[in-house]
Amino acid sequence: MNRYDFYISAPLFNEMELKFNERITIFLEKLGFSTYLPQRDGGEDEMLLKDPELWPEISKKVFKRDVEALKTSSALIMIMDGRVPDEGACVELGMAYAFGKICIGFQTDTRRFSTGQNNLMLDYSMSYNIVHDWENLEKLLVKIKDKIKKGNQ
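In my numbering, the protein residues as written are 60 to 212.
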């Protein structure tokens, strides 16, 4: 049985990213999905900032905790905004794909729209076409909600 409906894979290194991640979490939870948001649920991140000597030990714990959360999620939603996708999010996407999870890409940043596709490894790791706005994201999630929830039984 999976513990979460969605693992939220996203950059989390500045105020704008953190707030966007909170927004997507609230959006998913209002639609009835349970979520794992690393910045909220991963723990110990503040200790990394306070004591650099603890970085190796705590970083390893955070990594293991996030991988376990990914394994126990039905689906992953990857926030693909930015000049290039976040490296950590790309690794999480690869793991989710390998674990057989439903993978959804959400990209509201228009910088790459004009050039066509993203890297083919990203595009073809997704279970559905990448979604570019909140309205179409909601439509997709409503359409596949039962499929995601079945992964949690």
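For every residue, glycine included, the Cβ atom is placed at its ideal position computed from N, Cα and C.
Q: Let me know the beta strand (DSSP E) ranges lying completely inside the stretch 145 to 204, each 3 residues or longer, listed in chain order.
A: 161 to 165
Q) Using DSSP with H/G/I as helix, E/B as strand and the rest coil, what is ASP64? A) In this structure, ASP64 counts as strand in the three-state DSSP scheme.
Q. Can you check whether the CB of ILE83 is closer than 8 Å to the CB of MET138?
A. What sits at residue 138 in the sequence shown is Ile, not Met. Yes; because the gap between Cβ atoms is below 8 Å, this pair is in contact.
Q | Exposure label - ILE85; buried when at least 16 CB within 10 Å | A | With fewer than 16 neighbouring CB atoms inside 10 Å of its own CB, ILE85 falls in the exposed class.
Q.
Let me make sure I understand the geometry here. Which of LEU96, MET180, GLU197 and ASP205 has the alpha-carbon closest to that of ASP125?
A. LEU96
Q | Exposure label - VAL190; buried when at least 16 CB within 10 Å | A | Result: buried.
Q) Is it a yes or a no for the stretch 131 to 145 touching the stretch 62 to 74, going by three-plus beta-carbon pairs under 8 Å? A) yes
Q) Beta carbon of LEU181, beta carbon of GLY164: below 8 Å? A) Result yes, Cβ atoms of LEU181 and GLY164 sit closer than 8 Å.
Q: Please report the Cβ distance between GLU197 and LEU90, rounded to the nearest whole angstrom; I am assuming they are in contact, meaning their Cβ atoms lie under 8 Å.
A: 7 Å
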